[in-house]
Amino acid sequence: MKTFFGILIFLTFPNFLLGQSNIFVKILTLSTNFERGENDSLYKNKISKNGFLTLEPALLVGIETFADSKTSIKFHQSLGFDAVSHLCGFTQIMIRRQIWEYYRNKIFAGIGPTLFLRESWSNIPEYKQDNSFEKQEKIEYSISWFSGEIEYNRKFSKRNDLTISLNHNHPWSFCVAVGWKFWFTRETKKPCNCPTY
């Protein structure tokens, strides 16, 4: 898995220097938990009584580079707290495509592999083992090869966007994220075709 992420970053970096590119920071907030299970009663940050809505605050940072005006590759990393207030995070690389545009507004859809990590829940009394995660000492992890994201961007200036997204942040959950995107450039830079002798 580390090799896979390393190869993608290596292939992406040259285009990051030459093409449209940006960095972004987001705050993850409200999460939805679609799979009801035996551990729902353990949630400390429940908003709805049945645990479908939880507050899972986290910081998300990343970079994005474009292959053309509508297609990009994005890498991001999050770190925060899960529904039981344990440390958690995810690492994700995805291919994204613009699916809608109007004036200063754009919507993108993306898909790609994600590595989910969390502090082990096994030390919580009454915890029932979740087969969605593998355990490695004090860490539990899960790999999803087809995680998704829907993102709305509102352009405010040449270099600044408001960004709001729905992120797949762990196996059976989606999270709302709000943040800011800074563009190094919105225009594709073409490498010099200088003559050689």
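Position one of the sequence shown corresponds to residue 1 (our numbering), numbered consecutively onward. Positions of the beta carbon are idealized from the N, C-alpha and C atoms, including for glycine.
Counting every other CB atom within 10 Å of its CB across the protein chains shown gives residue 37 a total below 16, marking it as exposed.
Contact between the stretch 157 to 177 and the stretch 54 to 74 is present: 3 or more CB-CB pairs across the two stretches fall below 8 Å. For residue 36, DSSP records no beta bridge to any residue. Residue 41 sits in a helix when the DSSP states are folded into three classes.
Nearest to residue 144 by C-alpha distance, out of 173, 127, 124, is 173. Apart from sequence neighbours up to five positions away, the residues of its chain that approach residue 181 with a beta-carbon distance below 6 Å are 22, 24, 161, 163, ordered along the chain. As a beta-bridge residue in DSSP terms, residue 140 pairs with 118, 135.
Scanning its chain for C-beta atoms nearer than 6 Å, with the 5 sequence neighbours on each side dropped, one finds around residue 148 the residues 111, 168, in chain order. Taking the Cβ atoms as the reference, residue 28 lies roughly 6 Å from residue 78, within the contact range of under 8 Å. The residue among 42, 87, 33, 53 with its C-alpha nearest the C-alpha of residue 140 is 87.
For the pair residue 34 and residue 129, the Cα-to-Cα distance works out to about 18 Å.
With distances taken between CA atoms, residue 96 lies nearest to 65 out of 65, 80, 103, 81. Sequence-distant Cβ neighbours of residue 43 in its own chain, meaning closer than 7 Å and more than five residues away, are 51, 54, 83, 84. Ranked by how close their Cα comes to the Cα of residue 186, the residues 91, 68, 126, 99 have 68 in first place. Sequence-distant Cβ neighbours of residue 26 in its own chain, meaning closer than 6 Å and more than five residues away, are 60, 177, 179. Within the DSSP secondary-structure output, residue 46 pairs in a beta bridge with 54.
Residue 61 carries a strand assignment under DSSP once its states are collapsed to helix, strand and coil. In this structure, the beta-carbon distance from residue 138 to residue 119 falls below 8 Å. In the three-state DSSP reduction, residue 85 falls in the coil class, being neither helix nor strand.
A direct Cα-Cα distance of roughly 26 Å separates residue 32 from residue 136. It is roughly 32 Å from the alpha-carbon of residue 108 to the alpha-carbon of residue 131.
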